[in-house]
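Reading through the structure tokens given below for one structure.
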Amino acid sequence: MVQLQFLAVFSSFVLVIFYFNYYRWYSLGEFLENICYDTGWNPYETSCNDKRFSCGNNSIILNYPFGVKDDPYYNCSSYFEMSCEHNRIVIYTSSEKYFLVENSINYGSRSLRVVDFGVQRDNCSTLPLSSFNYYNYYYDPYYSVETELAIYVSCKNPVLKTKNSPTLYVDTSPCITATKDDLMYNYVVVGKNLVASDIQENCTVLKFFPADLRALDIGRRNVSFQDIHNLLVNGIELGWGDDTGRVGSKSSICKCTASLSN
176 MVQLQFLAVF
186 SSFVLVIFYF
196 NYYRWYSLGE
206 FLENICYDTG
216 WNPYETSCND
226 KRFSCGNNSI
236 ILNYPFGVKD
246 DPYYNCSSYF
256 EMSCEHNRIV
266 IYTSSEKYFL
276 VENSINYGSR
286 SLRVVDFGVQ
296 RDNCSTLPLS
306 SFNYYNYYYD
316 PYYSVETELA
326 IYVSCKNPVL
336 KTKNSPTLYV
346 DTSPCITATK
356 DDLMYNYVVV
366 GKNLVASDIQ
376 ENCTVLKFFP
386 ADLRALDIGR
396 RNVSFQDIHN
406 LLVNGIELGW
416 GDDTGRVGSK
426 SSICKCTASL
436 SN
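All the letters of the sequence shown, read from the start, carry residue numbers 176 to 437 under our numbering.
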């Protein structure tokens, strides 16, 4: 009888300790979450604000969600990282890295412009190094603004221009030409909402890349590849959401730095 009473008391004691620790940590986590939710406070937003970043002749002020890659001076948590390469500011996405267009970050509209690493301003034979990958871009925290896909193709036969066609095949010569042994014809295909049927059967797709075609009058049939390249030099516009860097089912719940394991 005494043993049964002892076991009952001991079991109750263990349960009390378990529930005390469980609700202690749960309440602390809930408390911190509610602070973030009720006040909109985000330590990640304030820790990276007003930080000057210099690269070559460029000097910009970084605010959240931007930070500098592998630089302990900034000592803050950022969602998007930048670095300095070849005296130009480089920004990283989850899938690629790009040159940042100078003075293009707009915190009001949450947008910026970037240029692919492979595109050179004074060399029209250059194309983007990165090829569009739907999987990477689908899960990328950035989203494109008014951007269409351009398709680089190589064709066995010349493609004739068709009036009133929504798709335009732009000859890449004299900037990019096939060798005499190839006997192929290279084009960049542009148009609104391109689909597979827009590519002619005698053509092979070599590369997809995003391009801002808003300044291109596709209805004007004498578009040159130099026109396309000028658009690539100007870059594409990317945006980020107002909940970028936050977690949870509610976008206003922030990442708290407090550790519940200590």
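Glycine residues also receive a C-beta, built at the ideal position from the N, C-alpha and C atoms.
Fair warning: this is a prediction, and the values are worked out from it, not measured in the lab.
Beta-carbon separation (whole angstroms), residue i vs residue j, contact threshold 8 Å
{"i": "residue 343", "j": "residue 398", "result": "6 Å"}
{"i": "residue 279", "j": "residue 384", "result": "19 Å between Cβ atoms; not a contact."}
{"i": "residue 363", "j": "residue 325", "result": "5 Å"}
Buried/exposed call for residue i, threshold 16 Cβ in 10 Å
{"i": "residue 236", "result": "exposed"}
{"i": "residue 194", "result": "Any reading at residue 194 must be qualified, since the residue scores a pLDDT of 42, below 50, and its modelled position is unreliable; the value itself is stated next. Classification for residue 194: exposed."}
{"i": "residue 261", "result": "exposed"}
{"i": "residue 337", "result": "exposed"}
{"i": "residue 349", "result": "exposed"}
{"i": "residue 282", "result": "exposed"}
{"i": "residue 412", "result": "buried"}
Residues near residue i by beta carbon distance below 7 Å, same chain, minus five either side
{"i": "residue 388", "result": "323, 365 and 406"}
{"i": "residue 271", "result": "305"}
{"i": "residue 225", "result": "236 and 238"}
{"i": "residue 367", "result": "323 and 341"}
{"i": "residue 402", "result": "391"}
Neighbourhood of residue i by C-beta distance below 6 Å, restricted to the same chain and skipping five residues each side
{"i": "residue 295", "result": "301"}
{"i": "residue 285", "result": "414 and 415"}
{"i": "residue 258", "result": "244 and 265"}
{"i": "residue 313", "result": "A caution first: residue 313 carries a pLDDT of 44, below 50, which makes its placement in the model too unreliable to give a value."}
{"i": "residue 351", "result": "300 and 361"}
{"i": "residue 378", "result": "328 and 330"}
{"i": "residue 263", "result": "274"}
Cβ-based neighbour list, residue i, same chain, cut-off 8 Å, excluding 5 preceding and 5 following
{"i": "residue 276", "result": "287, 288, 289, 290, 409 and 410"}
{"i": "residue 360", "result": "329, 330, 331, 332, 333, 334, 346 and 353"}
{"i": "residue 392", "result": "398"}
{"i": "residue 400", "result": "299, 345, 346, 347, 348, 350, 351 and 363"}
Between the CA atoms of residue j and residue i - distance to the nearest angstrom
{"i": "residue 234", "j": "residue 227", "result": "7 Å"}
{"i": "residue 256", "j": "residue 229", "result": "14 Å"}
{"i": "residue 369", "j": "residue 340", "result": "12 Å"}
{"i": "residue 241", "j": "residue 404", "result": "29 Å"}
{"i": "residue 386", "j": "residue 376", "result": "24 Å"}
{"i": "residue 382", "j": "residue 273", "result": "17 Å"}
{"i": "residue 231", "j": "residue 303", "result": "23 Å"}
{"i": "residue 297", "j": "residue 357", "result": "26 Å"}
{"i": "residue 327", "j": "residue 374", "result": "10 Å"}
{"i": "residue 293", "j": "residue 372", "result": "28 Å"}
As an exercise, report each continuous alpha helix (DSSP H) stretch of at least 4 residues that is fully enclosed by the region 352-410, in chain order. As far as the region 352-410 is concerned, its whole alpha helix (DSSP H) runs of at least 4 residues are 400-409.
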